[in-house]
Amino acid sequence: MSVISVEHVRKSFSTLEVLQDISFSLNSGEVLSIIGPSGSGKSTLLRCITNLETVDSGTIVIGGDTLVTTGPDGTAVYADKGTITRIRLRVGLVFQNFNLFPHFSVLRNITEAQIHVLKTPRQEATERAYDLLAKMGLGDKAKAYPYQLSGGQQQRVSIARALALRPQVLCFDEPTSALDPELTGEILAVIRELATEHMTMMVVTHEMAFARDISDRVIFMDEGFIVEEGTPKQVFSDTKNERTRRFLSRFGS
Amino acid sequence: MGRLLTLMLGGTLTSLKIFFLTLLFALPLGLLVAKGRMSKHRIISSLVNGYIMIMRGTPLILQLIFVYFAPYYVFGASSDRFTAVIIAYAINYAAYFAEIYRGGIQSIPQGQLEASSVLGFTKVHTFTHIVMPQVVKRIMPAMGNEVITLVKDTALAQTIGVAELFRVAQNAAAREFSTMPIFVAGVFYFVMNAIVSKSFDLIERKLDYYK
């Protein structure tokens, strides 16, 4: 069953077409990696799915509900506010720069949305937060503030924060790009663990080895197009596509 | 000397009333003005911008006279002096506060708003729980400056005949042919501002629990 389905999505920033006719779908339990050079539109695609950017035209369906579709005049028609509020929580997003709330403790970073958006009782929200922190290996950091944590720890908190809302899909926007190689390993290990639990995930990444290891499917994007889509083996080892080959050669893989 | 101090304490009380009432009205009004200034509606933002230009571009003493006398020419009646002072100060200080708020609000990284949006917070919750607490911390030094200026600006209220601290001191000086009361008033202002500075230090330290 597809959790996210994207059809013919287009998006441009003034004259620059960032997404040109993007179509793909993400199935439940699947891990999809999106790779490609900077400026290829990978992050914009994630941001359109999480409704941080609006599309110009095309259809995005999340968990069976339509977020946006193309109207009769060819422009995007978004769902009403209530529907958007309801379906946006189905997709969690982990940012490159974590974007934790600096004035909240780690615990409150994770409970705030549970309590105020999902209306989970405080007690239950706190328990869930502690469970998630334990899972992230941060059981002792609940009372700490983000600035007291390393980048890797902050990113794990932000993963916990996203998971706390029990999203159907968890999206990662270059989750390790702000981290040094050692801390990168920490985060990749967490994502890998989530993959073994069959969490549905979409990962925009520059970590090629990781993408090859972890993904069920890989999309290679360039200049707003999906150049190639397939299993890691198809894309990384057996690609016939000249552009893909050229991109991957830089990573020695 | 004892009588002089009693008189000056009375004047101080008036100055303090002006000070606190101005803050009471100007602090929230400034936030509203800041929101207007940042509005996406061109008409609202340029109107508010014009208001800020006038408030910051003309002397407070002139605005005070205007607020006190203009109603007389228009309606044939004036509000009482003290009310005029509070109105003039509130709308003047709101303009300065608004620009400080705006600076603070615009300094909050876009990522904070994006994280709030992805987590499903309402706009109101994002503003009151995510943005404003961080703004308050960032604007404290600038606010401290402005509030200290306000303590000294209360002396202008005498222009329309409100007997605040400085007017009382001047009257006493004229009566006693001595400049001493003026310098005593200086000490009073200094002490009030020492308290204001100290309070801001304390608040800043209280907000130091995060970076």
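So the protein lines, in turn, are chains A and B.
Per the working numbering, residue 667 is the first one in the first sequence, and the count goes up by one each step.
Per the working numbering, residue 195 is the first one in the second sequence, and the count goes up by one each step.
Just so you know, even glycine gets a beta-carbon here, dropped at the ideal spot from N, CA and C.
All values reported here derive from a predicted model rather than from experimental measurement.
R216 (chain B) classed as buried or exposed, judged by whether at least 16 other C-beta atoms fall within 10 angstroms: Looking at the sequence itself, residue 216 (chain B) is Thr, so the reference to Arg does not match. Buried, by the Cβ-count rule.
Return the first residue and the last residue of the alpha helix (DSSP H) that L773 (chain A) is part of. It spans 772-782 - the alpha helix (DSSP H) in which L773 (chain A) sits, taken as one unbroken run.
Check whether the Cβ of V783 (chain A) lies closer than 8 Å to any Cβ atom in chain B. Chain B contact via Cβ: present.
Could you tell me the distance, in whole angstroms, from the CA atom of T871 (chain A) to the CA atom of Y796 (chain A)? Approximately 28 Å between the Cα atoms of the pair.
According to the Cβ coordinates, are V757 (chain A) and P833 (chain A) closer than 8 Å? Yes, they are a contact pair.
Taking 7 Å as the cut-off, is the C-beta of V341 (chain B) nearer than that to any heavy atom in the ligand MG? The ligand MG is not among the ligands present in this structure, which contains no ligands whatsoever.
Closest to E308 (chain B) by C-alpha separation, out of A:T725, A:R822, A:L718, would be which residue? Nearest in C-alpha terms to E308 (chain B), of all of A:T725, A:R822, A:L718, is A:L718.
Counting only the same chain and skipping the five closest in sequence on each side, list residues whose C-beta sits under 6 Å from that of V325 (chain B). Taken in chain order, the residues that qualify are I302.
State buried or exposed for S919 (chain A), treating a residue as buried only when at least 16 other CB atoms are found within 10 Å of its CB. Unreliable positioning characterises S919 (chain A) in this predicted model, as indicated by a pLDDT of 47, which lies under 50. The coordinate reading is nonetheless provided below. Around the beta-carbon of S919 (chain A), fewer than 16 other beta-carbon atoms lie within 10 Å, marking it exposed.
Within the same chain, show all residues whose beta-carbon is closer than 6 Å to that of K211 (chain B), passing over the 5 residues directly before and after it, in chain order. Within the same chain, K211 (chain B) has no close Cβ partners at all.
Taking contact to mean at least 3 C-beta pairs separated by less than 8 Å, is the stretch 758-768 of chain A in contact with the stretch 810-830 of chain A? Counting Cβ pairs under 8 Å, three or more are found: they touch.
Provide the residue(s) that pair with Y744 (chain A) in DSSP beta bridges, ordered along the chain. Bridge partners of Y744 (chain A): A:V734.
Is there contact here, the stretch 895-911 of chain A with the stretch 728-739 of chain A, by at least three beta-carbon pairs under 8 Å? In short, these stretches do not touch, since the Cβ pair count stays below three.
Closest residue to E895 (chain A) among A:L692, A:I715, A:F876, A:T735 (Cα-Cα distance): Ranking A:L692, A:I715, A:F876, A:T735 by Cα distance to E895 (chain A) puts A:L692 first.
Of the residues B:R296, B:G270, B:F269, which one's Cα is nearest the Cα of V242 (chain B)? Closest option to V242 (chain B), Cα to Cα, is B:R296.
Based on the DSSP secondary-structure assignment, which residues constitute the bridge partners of K677 (chain A)? Note: K677 (chain A) is bridge-paired with A:L685 in the DSSP secondary-structure output.
How would you call Y813 (chain A), buried or exposed, if buried means at least 16 neighbouring beta carbons within 10 angstroms? It is exposed - the Cβ of Y813 (chain A) has fewer than 16 other Cβ atoms within 10 Å.
What is the rounded straight-line gap between the Cα of F377 (chain B) and the Cα of S311 (chain B)? Cα-Cα distance, rounded: 56 Å.
Using a cut-off of 8 Å between C-beta atoms, extract the partners of P327 (chain B) located in chain C. Annotation note: the requested chain C is absent from the structure, which comprises protein chains A and B.
Closest by CA to S816 (chain A), which one among A:A830, A:D846, A:T792? Out of A:A830, A:D846, A:T792, A:D846 has the C-alpha closest to the C-alpha of S816 (chain A).
For the stretch 743-756 of chain A, which residues have a beta carbon sitting closer than 8 Å to at least one beta carbon of chain B? Going along the stretch 743-756 of chain A in chain order, one finds T751, R754, L755 with a Cβ nearer than 8 Å to chain B.
Take L223 (chain B) and list the residues in its own chain whose beta-carbon comes closer than 7 Å to its own, dropping the five residues that flank it on each side. For L223 (chain B), the CB contacts under 7 Å within the same chain, skipping 5 residues up- and downstream, are A284, A288 in chain order.
Verify the CB distance criterion: does G305 (chain B) have a CB-CB separation below 8 Å to chain A? So, interface residue.
Whole angstroms are fine: how far does the CA of L226 (chain B) sit from the CA of I237 (chain B)? Taking the CA atoms as reference points, I237 (chain B) sits about 16 Å from L226 (chain B).
How big is the Cα-Cα spacing for A800 (chain A) and R794 (chain A)? When the Cα atoms are used, A800 (chain A) and R794 (chain A) turn out to be separated by approximately 10 Å.
Cβ atoms of E340 (chain B) and A351 (chain B): under 8 Å apart, would you say? Going by beta carbons, A351 (chain B) and E340 (chain B) fall outside the 8 Å limit.
Let me check understanding here. Comparing Cα to Cα, which of A:V884, A:R676, A:M867 lies closest to D722 (chain A)? Ranking the options by Cα distance to D722 (chain A), first place goes to A:R676.
Can you give the Cα-Cα distance for G204 (chain B) and I389 (chain B), rounded to whole angstroms? Taking the Cα positions, G204 (chain B) is about 19 Å away from I389 (chain B).
Min CB distance Y295 (chain B) to chain A below 8 Å: The C-beta of Y295 (chain B) comes no closer than 8 Å to any C-beta of chain A.
Cβ shell of E889 (chain A) (< 7 Å), same chain only, five flanking positions each side left out: Here the set comprises S706.
Counting along the chain, where does the alpha helix (DSSP H) carrying L836 (chain A) start and finish? No alpha helix (DSSP H) holds L836 (chain A); the beta strand (DSSP E) holding it covers 835-839.
Nearest candidate by alpha-carbon position, reference L254 (chain B), set B:M334, B:I281, B:M232: Nearest C-alpha to L254 (chain B): B:I281.
Using a Cβ cut-off of 9 Å, which residues of the stretch 313-340 of chain B contact any Cβ in chain A, in chain order? If the cut-off is 9 Å between Cβ atoms, the stretch 313-340 of chain B has L313, G314, F315, T316, H319, H323, I324, P327, Q328, K331 near chain A.
With 8 Å set as the bound, which would you pick, yes or no: does the beta-carbon of L711 (chain A) sit closer than that to a beta-carbon of chain B? L711 (chain A) does not count as touching chain B.
Report the start-end ranges of each beta strand (DSSP E) in the stretch 211-240 of chain B that is 3 residues or longer and not cut off at the edges. Counting whole runs of 3 or more residues, the stretch 211-240 of chain B contains no beta strand (DSSP E) stretch at all.
Work out the CA separation of A292 (chain B) and E734 (chain A) for me, nearest whole Å. The question names Glu, yet the displayed sequence has Val at residue 734 (chain A). Here the alpha carbon of V734 (chain A) sits roughly 38 Å from the alpha carbon of A292 (chain B).
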